[in-house]
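Just so you know, the numbering used here puts 15 at position 11 of the sequence shown, and the rest follows in order with no gaps. Think of the CB as a built atom: it goes at the ideal place given N, C-alpha and C, for glycine as much as any other residue. Notes follow once the structure below has been shown.
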Amino acid sequence: MRYTFAVERMFKGRALGRSADDAMDTLVVFTGLGGGDCSVRFEVGQRYVVYGADGHSWSGKMLAEVPLRGRGIYWTSICTRTRPYEETEVKALED
(Lines of atoms letter the chains of each structure in order from A and count residues from 1; the text may use other names and numbers.)
(Lines give C-alpha, C1' and ligand atoms only; values in the text may rest on other atoms or scores of the structure.)
Protein backbone atom coordinates (compact mmCIF):
# COMPACT_ATOMS: atom_id res chain seq x y z
CA MET A 1 0.00 0.00 0.00
CA ARG A 2 1.12 3.52 -0.71
CA TYR A 3 0.25 6.45 1.54
CA THR A 4 1.15 10.10 1.12
CA PHE A 5 1.62 12.06 4.33
CA ALA A 6 1.63 15.78 4.98
CA VAL A 7 4.72 16.29 7.13
CA GLU A 8 4.40 18.36 10.26
CA ARG A 9 7.89 17.65 11.56
CA MET A 10 10.83 15.32 10.99
CA PHE A 11 12.49 14.23 14.20
CA LYS A 12 15.43 12.15 13.05
CA GLY A 13 17.30 11.58 9.85
CA ARG A 14 16.43 13.47 6.72
CA ALA A 15 14.64 12.90 3.47
CA LEU A 16 16.86 11.38 0.81
CA GLY A 17 18.54 13.95 -1.38
CA ARG A 18 17.83 16.81 1.01
CA SER A 19 19.84 18.62 3.59
CA ALA A 20 18.77 18.53 7.22
CA ASP A 21 17.51 22.12 6.90
CA ASP A 22 15.26 21.52 3.87
CA ALA A 23 11.57 21.31 4.72
CA MET A 24 9.40 18.65 3.13
CA ASP A 25 5.71 19.07 2.58
CA THR A 26 4.91 15.43 1.88
CA LEU A 27 6.43 11.97 2.11
CA VAL A 28 5.38 8.72 0.47
CA VAL A 29 5.21 5.77 2.86
CA PHE A 30 4.84 2.20 1.62
CA THR A 31 3.67 -0.70 3.74
CA GLY A 32 2.41 -4.19 2.99
CA LEU A 33 -0.96 -5.18 1.58
CA GLY A 34 -2.22 -7.10 4.63
CA GLY A 35 -2.75 -10.77 5.28
CA GLY A 36 0.12 -11.26 7.69
CA ASP A 37 2.78 -9.12 5.99
CA CYS A 38 3.17 -6.72 8.95
CA SER A 39 1.50 -3.85 7.12
CA VAL A 40 0.29 -0.72 8.89
CA ARG A 41 -3.24 0.47 8.19
CA PHE A 42 -3.39 4.24 8.19
CA GLU A 43 -6.66 6.18 8.32
CA VAL A 44 -7.16 9.36 6.32
CA GLY A 45 -7.36 12.44 8.52
CA GLN A 46 -5.52 10.88 11.48
CA ARG A 47 -2.11 11.98 12.75
CA TYR A 48 0.73 9.47 13.10
CA VAL A 49 4.30 9.22 14.27
CA VAL A 50 5.85 7.23 11.44
CA TYR A 51 9.13 5.39 11.77
CA GLY A 52 10.26 4.80 8.22
CA ALA A 53 13.34 3.54 6.45
CA ASP A 54 14.45 4.09 2.91
CA GLY A 55 14.73 1.08 0.61
CA HIS A 56 18.48 0.94 1.16
CA SER A 57 18.22 0.03 4.82
CA TRP A 58 15.11 -2.05 5.37
CA SER A 59 14.05 -5.45 4.15
CA GLY A 60 10.69 -3.92 3.19
CA LYS A 61 12.20 -3.30 -0.22
CA MET A 62 11.56 -6.98 -0.85
CA LEU A 63 7.83 -6.24 -0.87
CA ALA A 64 8.25 -4.75 -4.34
CA GLU A 65 9.57 -6.50 -7.40
CA VAL A 66 11.85 -3.52 -7.99
CA PRO A 67 13.06 -1.71 -4.86
CA LEU A 68 11.30 1.62 -4.50
CA ARG A 69 13.77 4.26 -3.45
CA GLY A 70 14.00 7.96 -3.85
CA ARG A 71 13.50 11.34 -2.36
CA GLY A 72 10.75 11.22 0.20
CA ILE A 73 9.95 7.50 -0.21
CA TYR A 74 9.98 5.33 2.90
CA TRP A 75 8.83 1.91 4.15
CA THR A 76 7.23 1.05 7.47
CA SER A 77 5.63 -1.93 9.20
CA ILE A 78 3.99 -2.87 12.49
CA CYS A 79 7.43 -4.03 13.63
CA THR A 80 8.53 -0.39 13.89
CA ARG A 81 7.31 2.11 16.46
CA THR A 82 4.91 3.63 13.91
CA ARG A 83 1.70 4.50 15.75
CA PRO A 84 -1.12 7.00 15.98
CA TYR A 85 0.13 10.36 17.23
CA GLU A 86 0.78 10.39 20.97
CA GLU A 87 2.28 13.30 22.86
CA THR A 88 4.38 10.89 24.97
CA GLU A 89 5.98 9.46 21.80
CA VAL A 90 6.79 12.96 20.55
CA LYS A 91 8.35 13.86 23.92
CA ALA A 92 10.52 10.74 23.76
CA LEU A 93 11.76 11.75 20.30
CA GLU A 94 12.55 15.27 21.48
CA ASP A 95 14.82 14.01 24.28
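Thinking C-alpha only, which one of the options is nearest residue i?
i	options	result
Ala-57	Ile-77, Asp-41 and Gly-49	Ile-77
Asp-29	Lys-16, Thr-86 and Ala-10	Ala-10
Leu-7	Lys-16, Thr-92 and Val-48	Sequence check: residue 7 is Tyr here, not Leu. Ranking the options by Cα distance to Tyr-7, first place goes to Val-48.
Met-5	Arg-13, Gly-39, Lys-16 and Met-14	Gly-39
Thinking C-beta only, is residue j closer than 8 Å to residue i?
i	j	result
Thr-80	Val-33	yes
Pro-88	Tyr-55	no
In chain order, what residues of the same chain lie with their CB nearer than 8 Å to the CB of residue i, ignoring the 5 residues before and after it?
i	result
Lys-16	Leu-97
Ser-43	Met-5, Thr-35, Gly-36, Leu-37, Ser-81 and Ile-82
Thr-86	Val-44, Tyr-52, Val-53, Val-54, Tyr-55, Gly-56 and Thr-80
Closer than 7 Å by C-beta to residue i: which residues in its own chain qualify, once you throw out the five before and the five after it? Chain order, please.
i	result
Val-94	Val-53
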